[in-house]
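Presented below is the structure to which this report refers.
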Amino acid sequence: MGQRDADVIVVGAGNAALCAALAAREQGARVTVLERAPEEESGGNSRYTAGAVRLVFGGVDDLVELMPDLTEDERRNVEFGTYTREQYFDDLGRLTQWRSDPDLAETLIDGSFETLRWMRDYRVRFSPSYGRQAFKVDGRYRFWGGLAVEVWGGGPGLVQALTEAARDHDIPIHYGTRATDLVEDAEAVRGVVARRGRERLRLDGGAVVLACGGFESNAEWRTRYLGPGWDLAKVRGTRYNTGDGIRMALDAGAMPYGNWSGCHAVGWDRNAPPFGDLAVGDNFQKHSYPLGIMVNADGRRFVDEGADFRNYTYARYGKVILDQPDQFAWQVFDAKVLPLLRDEYRIREVTKVAAGTLDELAGKLEGVDGTTFLETVREYNEAVQTDAPFNPAVKDGRGTQGLAIPKSNWANRLDEPPFEAYQITCGITFTFGGLRIDEECRVLDTDDAPIPGLYAAGELVGGLFYFNYPGGTGLVSGAVFGRRAGAAAGAYATS
């Protein structure tokens with residue numbers, strides 16, 4: 019393979035990378051994909067995701083284009099709602115404190131629906147995300163937070179579909195092959211140097227697309243850029259995202275861009291393994307906290323669990339949990355909401371305690387000051403305002419009054435046994451800092467000029483997310499920019 023040529027070399031084999039490979043092939047380019055992981059662990063973070071996708075849609079008629087298998091009953095009786103371009107801009111702007119690069123944001127949002135429709139041509143299927151983004155209210159499913167669609171089969175289904183499509187289109191994928199350096203001459207990037215075992219390889223081509231993730235699996239980089247304590251976080255996904263693509267591009271003069279001190283991090287089972295487990299997938303996450311309370315080792319609440327819909331707060335609450343004593347918390351629920359907990363609370367691999375009384379529960383919360391916990395619950399119960407009816411499908415305004423840390427929505431007294439609690443820590447998903455690209459996904463250098471022959475997509479692109487992100491945007495970003503990067507690289511390499 020060392021002397022074998024390709025028009026476009028794609029580094030990575032996840033969602034963004036495979037979309038890039040397929041789009042480059044559409045341009046008539048000969049494409050080769052290099053994947054650092056062995057085949058059984060391939061697919062990057064994409065393979066670990068639950069598969070939610072955030073897109074612009076005007077109602078059920080649009081969704082039928084993505085999900086033609088919707089039954090007549092679903093079309094008539096499920097409240098999917100709508101999600102407008104303006105709502106998408108507002109959510110992305112609001113959650114990133116209006117720092118998101120406007121050109122990247124516009125490209126992402128305007129390309130969301132069409133790109134997913136394009137993915138259907140490559141075996142990717144979509145379905146309603148009932149188990150994660152809908153509640154049954156008055157006998158009808160109602161979706162909330164603008165997020166109604168997920169990839170059928172989740173992350174594994176997505177990677178499998180795109181991998182099969184690549185093979186169908188004669189795109190070889192070389193597993194266990196780690197790109198280490200870019201090949202450059204005086205004019206452009208021409209290829210990559212890679213390692214396969216102890217063998218050193220050189221692959222020459224007409225363009226390179228970097229789509230091999232951020233640096234979340236590199237504990238030293240996490241501590242360097244995110245700050246002290248981040249070496250203690252668990253990694254939700256692949257162990258292979260250590261910043262290789264970013265490093266190679268920076269060595270070639272690329273501009274670092276975006277929120278290098280920020281990342282996507284969530285509440286994650288405290289006893290989960292250090293890296294993602296494909297057998298469990300995304301189910302170590304615990305995202306029903308808006309329905310209960312969270313307490314730290316001191317027995318105190320530390321965050322407004324009902325500040326907003328889960329998919330607008332979960333990606334930043336991981337950092338808040340990491341900042342607590344001993345880097346953990348417990349989520350506490352009572353019988354009123356147990357049937358509403360998301361699917362991931364029902365897996366076998368879960369750190370959970372249950373009790374018939376709050377006193378008994380306090381004694382089971384490992385690492386927690388039980389006396390203070392009981393006082394916290396007493397104060398919380400007294401502060402709950404019951405004027406507004408509880409409705410988990412909307413921001414119901416059912417909050418607390420008089421607490422130093424309020425709960426703004428979905429506040430119910432913890433007073434109906436049995437009680438359940440789940441222990442969590444911080445799980446990092448991906449980092450926000452990366453490379454600067456232009457509208458054609460060309461990597462820009464430190465003088466803001468394109469580096470000829472070098473393109474990027476996916477989690478190693480900086481400038482889109484700051485501090486937080488709207489749930490379901492990551493996969494769509496990877497697909498939209500992957501498709502654009504591949505199309506531009508294919509056109510460049512074959513011109």
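All the letters of the sequence shown, read from the start, carry residue numbers 19 to 513 under the numbering used here.
Beta carbons are placed, not taken as given, at the ideal position from N, Cα and C, and that holds for glycine.
Our contact map puts residue i next to residue j with C-beta atoms below 8 angstroms; I'd like the distance itself, whole angstroms only.
i, j, result
"residue 29", "residue 267", "Incorrect: roughly 10 angstroms between the Cβ atoms, too far for contact."
"residue 333", "residue 489", "7 angstroms"
"residue 276", "residue 480", "3 angstroms"
"residue 504", "residue 204", "Contact flag wrong, Cβ pair sits at about 26 angstroms."
"residue 392", "residue 414", "Between residue 414 and residue 392 the Cβ distance is about 27 angstroms, and since that is not below 8 angstroms, they are no contact."
"residue 153", "residue 358", "6 angstroms"
"residue 149", "residue 360", "7 angstroms"
"residue 493", "residue 118", "At roughly 17 angstroms, the Cβ-Cβ gap does not stay under 8 angstroms, so residue 493 and residue 118 are not in contact."
"residue 313", "residue 386", "6 angstroms"
"residue 472", "residue 460", "7 angstroms"
"residue 449", "residue 281", "5 angstroms"
Who are the Cβ neighbours of residue i in its own chain at under 8 angstroms, not counting the five residues just before and after it?
i, result
"residue 338", "320, 321"
"residue 327", "162, 163, 308, 413"
"residue 193", "31, 53, 55, 56, 57, 60"
"residue 174", "61, 65, 296, 299"
"residue 135", "83, 84"
Tell me which residues share the same chain as residue i and place their Cβ nearer than 7 angstroms to its Cβ, disregarding the 5 neighbours each side in the sequence.
i, result
"residue 23", "222, 223"
"residue 257", "235, 293"
"residue 381", "388"
"residue 369", "287, 288, 289, 440, 441"
"residue 318", "390, 394"
"residue 74", "101, 102, 103, 106, 127, 130, 131"
"residue 495", "126, 482"
"residue 456", "462, 468"
Can you tell me whether residue i is buried or exposed, with buried defined as 16 or more other CB within 10 angstroms of its CB?
i, result
"residue 25", "buried"
"residue 13", "What the structure shows of the chain is the stretch from 19 to 513, and residue 13 is not part of that stretch, so it cannot be assessed."
"residue 305", "buried"
"residue 425", "buried"
"residue 446", "buried"
"residue 57", "exposed"
"residue 365", "exposed"
"residue 324", "buried"
"residue 344", "exposed"
"residue 182", "exposed"
"residue 245", "exposed"
"residue 20", "A caution first: residue 20 carries a pLDDT of 42, below 50, which makes its placement in the model unreliable, though a value can still be read off. It is exposed - the Cβ of residue 20 has fewer than 16 other Cβ atoms within 10 Å."
"residue 375", "exposed"
"residue 185", "exposed"
"residue 216", "exposed"
"residue 146", "buried"
"residue 94", "exposed"
"residue 239", "buried"
"residue 218", "exposed"
"residue 384", "exposed"
"residue 405", "exposed"
"residue 434", "exposed"
For residue i, collect the residues of the same chain with a Cβ closer than 6 angstroms to its Cβ; drop the 5 residues on either side in sequence, then sort them by chain order.
i, result
"residue 133", "497, 498, 501"
"residue 237", "249"
"residue 187", "43"
"residue 418", "401, 402, 424, 425, 429"
"residue 100", "76, 77"
"residue 451", "276, 277, 278, 480"
"residue 123", "110"
"residue 444", "251, 283, 336, 339, 340"
"residue 151", "161, 165"
"residue 255", "63, 66, 294"
When you measure from the CB of residue i to every non-hydrogen atom of the ligand SAM, does any distance come out below 7 angstroms?
i, result
"residue 487", "You won't find the ligand SAM in this model; it holds no ligand whatsoever."
Consider the Cβ of residue i: report whether some Cβ of chain D lies at a distance smaller than 8 angstroms.
i, result
"residue 40", "Among the chains of the structure shown, chain D does not appear; only one protein chain is present."
- So, do the region 191–198 and the region 211–231 have three or more beta carbon pairs nearer to each other than 8 angstroms? Touching, yes.
- Task: Jot down the residue ranges of each uninterrupted alpha helix (DSSP H) in the region 29–71, minimum 4 residues, whole runs only, in chain order.
- Result: Taking only runs of at least 4 residues, the alpha helix (DSSP H) segments lying wholly in the region 29–71 are 33–44.
- Kindly confirm or deny that the region 285–301 and the region 64–76 touch, where touching means at least three C-beta pairs closer than 8 angstroms. Because the criterion of three Cβ pairs below 8 angstroms is met, the region 285–301 and the region 64–76 touch.
- Give a yes or no on contact between the region 55–62 and the region 111–131, applying the rule of three or more CB pairs nearer than 8 angstroms. Here the region 55–62 does not lie against the region 111–131, with fewer than 3 beta-carbon pairs under 8 angstroms apart.
- Query: Can you find at least 3 beta carbon pairs, one from the region 501–511 and one from the region 35–45, that sit closer than 8 angstroms?
  - Reply: Segments in contact, yes.
- Three or more C-beta pairs closer than 8 angstroms, one from the region 407–425 and one from the region 334–351: is that the case here? No, the region 407–425 is not in contact with the region 334–351.
- Query: Which runs of the beta strand (DSSP E), 3 residues or longer, sit entirely within the region 219–299?
  - Reply: Fully enclosed beta strand (DSSP E) runs of 3 or longer: 281–287.
- Task: Would you check if the region 152–171 and the region 80–92 touch, i.e. whether three or more CB-CB distances between them fall below 8 angstroms?
- Result: A contact between stretches requires three or more CB pairs, one per stretch, nearer than 8 angstroms, and the region 80–92 meets this requirement with the region 152–171.
- Message: For the pair the region 426–440 and the region 349–359, tell me if three or more CB-CB distances fall below 8 angstroms.
- Response: These segments touch.
- Message: I'd like the ranges of any alpha helix (DSSP H) spanning at least 4 consecutive residues and lying wholly in the region 326–357.
- Response: Inside the region 326–357, DSSP marks whole alpha helix (DSSP H) runs of 4 or more residues at positions 328–340, from first to last along the chain.
- Query: Going along the chain, which unbroken runs of the beta strand (DSSP E) with 3 or more residues stay wholly within the region 138–207?
  - Reply: If one requires a minimum length of 3 residues, the beta strand (DSSP E) runs lying completely within the region 138–207 are 144–146, 152–155, 158–161, 167–169, 196–202, in chain order.
- Any alpha helix (DSSP H) of 4 or more consecutive residues that is wholly inside the region 66–121: Fully enclosed alpha helix (DSSP H) runs of 4 or longer: 78–84, 90–95, 103–113.
- Go through the region 363–436 residue by residue and report every complete run of the alpha helix (DSSP H) that reaches 4 residues or more, in order. Counting only runs of 4 or more, we get 376–382, 388–401.
- Give, in chain order, every unbroken run of the beta strand (DSSP E) that is at least 3 residues long and sits entirely within the region 464–490. Listed in chain order, they are 468–474.
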